[in-house]
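Going down the list, the sequences are from chains S and A. At position 77 of the first sequence the residue is numbered 139 (my numbering), and the sequence of numbers has no breaks. At position 431 of the second sequence the residue is numbered 437 (my numbering), and the sequence of numbers has no breaks. First the structure, in the form of structure tokens, and then the observations on it.
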Amino acid sequence: MITLNVNNKTYQVDVSPDMPLLWVVRDTLGLTGTKFGCGVAQCGACVLHLDGEAVRSCVTKVSRAEGKKIITIEGLSANNDHPAQLAWEEIDVPQCGYCHSGQIMSAAVLLRENPKPTDKDIDDAMSGNICRCGTYPRVRKAIHLAAEMQEKDKK
Amino acid sequence: MDSKNNIDNTRRSFLKLTGLGGAALCMGFYLPSDAAVTLIKPSDLTAADIEMCAWILINTSGKVTLVSHRAEMGQGAYHSIPQIIAEELEVNLKDIDVIFAQGNEKKYGNQITGGSSTIRSSYKRLLQLSATAREMLITAAALQWKVSVNDCYAEAGHVIHRPSAKKMHYGELVLQASKLEAPKNPKLKKISEYKLIRQPLHRLDTPMKLNGSAIFGLDKKIPGMLYAAVERNPRLRGKVKSFDDSEAKKIPGVKNIFVVKMMVHNTIREGIAVVADSTWAALEGKKALRVTWDDTGFEHVNSLEIFKRQEDFLKIKEGLPLKSQGNPTAIIEKSKKKVDVIYQTPYQSHSCMEPLNCIAHFQGDKIEIWGPIQAPGWVQDFISTQMGIAKDKVIVNMTFLGGGFGRKAFTDYPHEAVLISKEIGAPVQVVWSREDDLKQGPYRPGISYRCEGVVSEGKIEALKFRMAGQNNDHWSGGKKDVPNDSTSEGFLEPYYASIKNLSISDVPFETPLPTMWWRSVYASTNGFAYESFMDEMAVEAGKDPLDFRRTHLQDKRCQKLIDKMEEVSGWKKRNKNEGYGVAITECFKSTVGHIVKVSKNISGGVKIDKVWAVMDCGWYVNPDIIRAQVEGSIVMGLGAATIHEITFKDGKVEQNNFYDYPMPRITDIPPIEVYIIENEEDAGGVGEPALPPFAPALTNAIFDLTGKRIRKLPFSLATV
């Protein structure tokens with residue numbers, strides 16, 4: 063049995079310690095917001111937060127997550143109201159939407175670490191997230207907007 | 007959180023959703039009574055009624071439900087159809103629930119989400135239906151109030167009596183309205199009267215795509231469901247000679263391992279299915295298999311040989327003419343100044359972000375399927391035939407699609423899931439790895455074009471295009487002795503009026519490789535060859551490439567498009583050290599022109615500074631969705647032009663995953679400006695038509711900057 067803390071809830075899971083966290087959250091816990099894209103840490107569809115860091119859950123063994131705080135897209139905010147989610151909605155970023163759980167989870171870490179990211183900062187933080195629909199121009203716009211929203215919230 | 011996306015479109019939840027404890031006004035075109043709008047009374051209500059009748063429903067609480075007959079794969083059908091309905095029905099957009107239809111072509115007609123056809127093939131019917139219901143609701147209110155219908159109007163789901171300001175909710179009028187005769191010619195709004203259509207409204211499916219609640223195929227769960235992965239022959243065909251599953255069986259969770267045999271592209275394929283209690287165990291089990299494949303009797307193709315053979319064909323074969331006027335061959339043969347060149351485009355993968363997957367539950371006399379499916383009707387047809395079960399017993403449920411691009415209109419992955427479910431006697435989700443998705447095809451076909459032309463007095467005197475590439479229709483039994491009717495796809499109609507001597511021919515070319523439509527289909531490759539060659543003709547004629555097109559495209563809409571392109575891009579105000587390229591193509595009844603601006607990169611090669619896109623798609627719904635589709639088409643076109651190539655060696659695909667078939671990333675994207683031409687023409691497509699002009703506009707810009715003509719894709723921007 064492995065004990066996991068996911069979105070502030072505790073779970074006991076009976077899985078192999080080698081099983082990637084991606085498949086534990088998706089198949090065992092039924093949290094399907096975290097997506098499978100490539101299985102080799104190339105596309106970012108599976109990004110979730112492990113103790114506040116953006117990690118690629120498709121190559122992260124579940125044993126590594128024991129005793130740590132896991133946040134998935136389902137637990138990012140209570141009402142779809144994280145600044146990244148609000149900005150994504152305002153700009154209508156998603157098309158098919160499949161990659162955007164990962165895009166938003168990567169952006170959330172960027173916005174926390176760097177409240178006013180430049181285009182270059184966005185490039186550095188987001189170049190690990192592939193979008194086949196090509197929503198990149200809107201991802202960039204939404205991150206700038208989210209930064210503004212975050213700034214306003216603080217005031 | 008939006009709840010509607012969590013609802014299965016099974017009948018049980020459908021009834022719950024629409025609250026048919028009372029009754030509902032049902033709108034559709036396949037009603038037993040042939041009326042457009044009718045009532046379904048609770049006592050009559052059977053599954054058959056719902057399945058037969060309802061396309062749009064209004065229930066007694068006033069809730070509107072759209073049963074979406076087309077798939078949502080990013081292009082915005084989930085939103086655009088409600089935006090049309092809300093306009094003529096006079097309801098709030100947020101009061102429309104959307105659920106995905108099951109495959110049912112008797113009711114909806116063609117359900118293939120392809121050819122950028124959702125809006126253009128259904129908007130007139132949707133406007134008509136919605137206006138019909140609105141008028142019936144107004145009449146019902148007027149009768150109840152005993153006032154003239156002319157004094158009543160509809161707004162935000164209510165009918166209002168203007169003089170008295172009395173107001174009734176649609177829900178209260180549904181029963182009465184359903185007893186009325188449907189008006190034959192309801193009054194439709196003029197474009198200038200639209201309040202919602204043509205507005206950049208926020209997409210209804212955005213919120214659920216931001217918190218993980220949108221259910222894609224891979225997210226779907228069925229009680230008792232197992233998971234499967236399949237080891238498939240890397241040579242894209244053939245049989246299993248033997249396999250050793252001793253290691254695979256040791257993996258905890260692995261339950262069954264067996265050979266699965268199926269028909270793909272008219273050949274029998276064999277793979278080895280590993281069924282397990284989790285996706286991970288199935289994928290690990292598949293990795294642990296040791297298989298010897300039987301490849302006897304198959305041609306082991308190589309990319310270099312394919313393109314060499316195409317070039318050889320084009321040297322000697324005239325091909326089957328699709329379009330022919332005047333006598334281009336005689337003029338070209340006589341001319342001492344002809345241009346005669348070969349263009350080439352590679353095989354490419356669709357590479358949807360959501361790898362292929364499908365759930366099937368074989369239940370003896372009935373099969374139920376859930377998945378990211380572009381063509382539920384085709385899946386029904388194919389599986390019905392293959393499994394010997396009546397079509398109406400093959401229930402196909404669509405989920406959201408994590409990309410489609412044509413790949414998810416193919417029937418192989420649902421069929422495979424059905425076969426595995428049958429073998430194990432349980433529902434199963436078959437999951438393709440990224441490698442399976444990339445290495446198995448089908449692919450956009452690799453094509454060579456021979457383009458010949460002669461100019462005279464600043465105009466094209468003769469033009470001859472020949473295409474040698476696989477015909478996507480052949481897998482489904484298309485005729486082999488007729489030209490591929492997509493050989494002229496992308497080429498603008500008005501050219502036929504201005505170029506008197508013109509031929510476009512298909513030089514039939516076969517390989518055993520599986521091919522399939524890929525976003526914008528042949529326009530994506532034809533567009534590169536034909537619009538690049540148009541640039542070569544302009545250079546030969548000594549004309550400005552934009553003016554050259556203006557001269558040859560004597561059509562009002564094209565002229566307007568070209569004027570707009572010139573205006574927004576500053577085409578004639580370019581500076582030294584800037585290269586400008588233009589291309590215009592037609593695709594699925596829409597015309598799109600791109601202008602690309604490039605300059606030399608300090609670190610070598612060329613960089614793209616800007617892209618201007620002008621779309622003429624006629625009647626349209628949502629300008630922001632159009633802009634998004636154009637942006638996305640340009641990004642996909644950028645990958646197609648500068649990165650992507652599937653290559654074959656000894657019958658095997660050489661690429662594996664995103665590390666050797668990389669995607670454009672956020673760092674690669676130039677600024678993009680999108681313009682939409684306003685007119686009242688018939689609706690054209692939106693999801694695909696902005697892709698074809700990108701590659702030729704880019705390579706034409708590079709020619710403008712460097713004098714180097716790129717005739718083979720992909721090429722590297724870094725080493726131009």
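Idealized CB from N, CA, C, for every residue including glycine.
Original post:
How long is the line joining the alpha carbons of residue 79/A and residue 525/A, rounded to whole angstroms?
Top reply: If you number the second sequence from 1, residue 79/A lands on position 73. If you number the second sequence from 1, residue 525/A lands on position 519. C-alpha separation (whole angstroms): 12 Å.
Original post:
Name the residues in the stretch 144-167 of chain S whose C-beta lies less than 7 Å from a C-beta of chain A; which are they?
Top reply: Going along the stretch 144-167 of chain S in chain order, one finds 147, 150, 151, 154, 156, 157, 158, 159, 160, 161, 162, 163, 166 with a Cβ nearer than 7 Å to chain A.
Subject >> Reduced DSSP category for residue 212/S - H, G, I as helix; E, B as strand; rest coil >> reply: Numbered from its first residue, the first sequence carries residue 212/S at position 150. In the structure shown, residue 212/S sits in a helix (DSSP, three-state: H, G or I).
Original post:
Residue range of the alpha helix (DSSP H) that residue 177/A falls in?
Top reply: Indexing the second sequence from 1 puts residue 177/A at position 171. Per DSSP, residue 177/A belongs to the alpha helix (DSSP H) from 176-184.
Original post:
So residue 192/S and residue 671/A are in contact, right, with Cβ under 8 Å, and what is the actual spacing, rounded?
Top reply: Taking the first sequence and counting its residues from 1, the one referred to as residue 192/S is at position 130. Taking the second sequence and counting its residues from 1, the one referred to as residue 671/A is at position 665. Between residue 192/S and residue 671/A a beta carbon distance of about 7 Å is seen, short of the 8 Å cut, so the two are scored as contacting.
Original post:
Closest Cβ-Cβ distance between residue 188/S and chain A: below 9 Å?
Top reply: Here residue 188/S corresponds to residue number 126 of the first sequence, with the count starting at 1. Closer than 9 Å to some Cβ of chain A, the Cβ of residue 188/S qualifies, so yes.
**OP:** Say whether chain S places a C-beta atom closer than 9 Å to the C-beta of residue 182/A.
**Re:** For the purposes of this step, residue 182/A is taken as the residue at position 176 of the second sequence. Under the 9 Å criterion on CB atoms, residue 182/A is classed as non-interfacial with respect to chain S.
Original post:
Under the three-state reduction of DSSP, which class applies to residue 252/A: helix, strand or coil?
Top reply: Counting from 1 along the second sequence, the entry for residue 252/A is found at position 246. Helix, per DSSP.
**OP:** Evaluate contact between the stretch 214-232 of chain A and the stretch 91-98 of chain S, counting only Cβ atoms and requiring at least three cross-stretch pairs below 8 Å.
**Re:** The stretch 214-232 of chain A is in contact with the stretch 91-98 of chain S.
Subject >> Reduced DSSP secondary structure (H/G/I, E/B, other) of residue 551/A >> reply: Residue mapping note: residue 551/A aligns to position 545 of the second sequence, counting from 1. Residue 551/A falls in the helix class under three-state DSSP.
Original post:
According to a CB-to-CB cut-off of less than 9 Å, which residues of the stretch 342-361 of chain A neighbour chain S?
Top reply: For the stretch 342-361 of chain A, the set of positions with a beta-carbon nearer than 9 Å to some beta-carbon of chain S reads 356, 357, 358, 359, 360, 361 in chain order.
**OP:** Can you have a look at residue 643/A and say buried or exposed, based on whether 16 or more other CB atoms are within 10 angstroms of its CB?
**Re:** On the second sequence, position 637 is the one that residue 643/A refers to. Answer is buried; the Cβ neighbour count reaches 16.
Subject >> Residues bridged to residue 262/A (per DSSP) >> reply: Sequence index remark: in the second sequence, residue 262/A carries index 256 (1-based). The partner list for residue 262/A (beta bridge, DSSP) reads 281/A.
**OP:** Closer than 9 Å, Cβ to Cβ, to anything on chain A: give me those residues from the stretch 104-135 of chain S, in chain order.
**Re:** Per Cβ criterion, the list reads 104, 105, 107, 134, 135.
**OP:** Take the Cβ of residue 665/A as the centre, count every other Cβ of all protein chains shown within 10 Å, and call the residue buried at 16 or more, exposed below.
**Re:** The residue labelled residue 665/A in the question sits at position 659 within the second sequence. Of the other Cβ atoms in all chains shown, fewer than 16 fall within 10 Å of the Cβ of residue 665/A; this residue is therefore exposed.
Original post:
Quick one, which residues of the stretch 67-90 of chain S are near chain A if we go by CB-CB under 8 Å, in chain order?
Top reply: Correct list: 77, 78, 81, 82, 85, 88, 89, 90.
Subject >> Residue from 154/A, 91/A, 122/A with nearest C-alpha to residue 137/A >> reply: What you label residue 137/A is simply residue 131 of the second sequence in a count that begins at 1. When each option's Cα is compared against that of residue 137/A, the closest is 91/A.
**OP:** Specify whether the stretch 117-134 of chain S and the stretch 589-600 of chain A touch according to this definition: at least 3 beta carbon pairs, one from each stretch, less than 8 Å apart.
**Re:** At 8 Å Cβ cutoff, the stretches do not touch.
Original post:
Taking DSSP as the reference, what is the three-state secondary structure of residue 350/A?
Top reply: Here residue 350/A refers to the residue found at position 344 of the second sequence. If DSSP states are grouped into helix, strand and coil, residue 350/A belongs with the strands.
Original post:
residue 522/A lies in the alpha helix (DSSP H); which residues open and close that run?
Top reply: As a working note, residue 522/A is residue 516 in the second sequence. That residue, residue 522/A, is in no alpha helix (DSSP H); it is neither H nor E in DSSP.
Original post:
Residues bridged to residue 615/A by DSSP?
Top reply: The residue given as residue 615/A occupies position 609 in the second sequence. BP columns for residue 615/A are empty, so no partner.
**OP:** Put residue 301/A into one of helix, strand or coil per three-state DSSP.
**Re:** Translated into positions along the second sequence, residue 301/A becomes position 295. The answer is coil: DSSP assigns residue 301/A none of H, G, I, E or B.
Subject >> Beta-carbon separation (whole angstroms), residue 444/A vs residue 308/A, contact threshold 8 Å >> reply: Residue mapping note: residue 444/A aligns to position 438 of the second sequence, counting from 1. Residue mapping note: residue 308/A aligns to position 302 of the second sequence, counting from 1. That belief does not hold up - the Cβ atoms of residue 444/A and residue 308/A are roughly 18 Å apart, past 8 Å.
**OP:** Taking only the alpha-carbon atoms, compute the straight-line gap between residue 55/A and residue 393/A and give it to the nearest angstrom.
**Re:** Along the second sequence, one-based indexing puts residue 55/A at 49. Along the second sequence, one-based indexing puts residue 393/A at 387. Note on residue 55/A: pLDDT 44, under 50, position unreliable in the model; the coordinate value appears next. The C-alpha of residue 55/A lies about 27 Å from the C-alpha of residue 393/A.
Subject >> Cβ neighbours of residue 157/S in the same chain (closer than 7 Å, five flanking residues each side left out) >> reply: What you label residue 157/S is simply residue 95 of the first sequence in a count that begins at 1. Cβ within range, chain order: 195, 197.
Subject >> CA-to-CA distance, residue 682/A to residue 629/A, given in whole angstroms >> reply: Reading the second sequence from its first residue, position 623 is the one you call residue 629/A. Reading the second sequence from its first residue, position 676 is the one you call residue 682/A. So the alpha carbons of these two residues sit roughly 7 Å apart.
Original post:
Can the beta-carbon of residue 573/A be found less than 9 Å from the beta-carbon of residue 474/A?
Top reply: As a first step, residue 573/A must be located in the second sequence, where it is residue number 567. As a first step, residue 474/A must be located in the second sequence, where it is residue number 468. Residue 474/A is positioned such that its CB atom lies no closer than 9 Å to that of residue 573/A.
Original post:
Quick one, which of 62/A, 31/A, 184/A, 73/A has its alpha-carbon nearest residue 403/A's?
Top reply: Locating residue 403/A in the second sequence gives position 397, where the first residue counts as 1. The shortest C-alpha separation from residue 403/A is found at 73/A.
Subject >> Contact set between residue 220/A and chain S, taken where Cβ atoms lie within less than 7 Å >> reply: Against the second sequence, residue 220/A aligns to sequence position 214. Within 7 Å of the CB of residue 220/A, the CB atoms of chain S belong to 159, in sequence order along the chain.
Original post:
Does the separation of the CB atoms of residue 368/A and residue 223/A fall below 9 Å?
Top reply: Locating residue 368/A in the second sequence gives position 362, counting from the first residue. Locating residue 223/A in the second sequence gives position 217, counting from the first residue. No. Outside cutoff.
Original post:
In the stretch 76-140 of chain A, which residue ranges form an unbroken beta strand (DSSP E) of at least 3 residues, counting only runs that do not cross its ends?
Top reply: Here the runs fully enclosed are 102-106.
**OP:** Report all residues from its chain with a CB closer than 6 Å to the CB of residue 530/A; omit the five preceding and five following residues, and keep chain order.
**Re:** Here residue 530/A is taken as the residue at index 524 of the second sequence, counted from 1. 697, 698.
Original post:
Can you name, in chain order, every residue of its own chain whose Cβ lies under 8 Å from the Cβ of residue 39/A, other than the five neighbours on each side?
Top reply: Locating residue 39/A in the second sequence gives position 33, where the first residue counts as 1. Low per-residue confidence applies at residue 39/A: pLDDT is 39, beneath 50, and the placement is therefore not dependable enough to give any value.
**OP:** Mark residue 310/A as exposed unless 16 or more other C-beta atoms lie within 10 angstroms of its C-beta, in which case mark it buried.
**Re:** By one-based count along the second sequence, residue 310/A stands at place 304. Residue 310/A is exposed by the Cβ-count criterion.
Original post:
Is the closest heavy atom of the ligand GTP to the C-beta of residue 182/S under 8 Å?
Top reply: What this structure holds is no ligand at all, so the ligand GTP is not there to describe.
Original post:
Can you find a CB in chain S that lies within less than 9 Å of the CB of residue 439/A?
Top reply: Working through the second sequence from its first residue, we reach residue 439/A at position 433. Answer yes: the Cβ-Cβ gap between residue 439/A and chain S drops below 9 Å somewhere.
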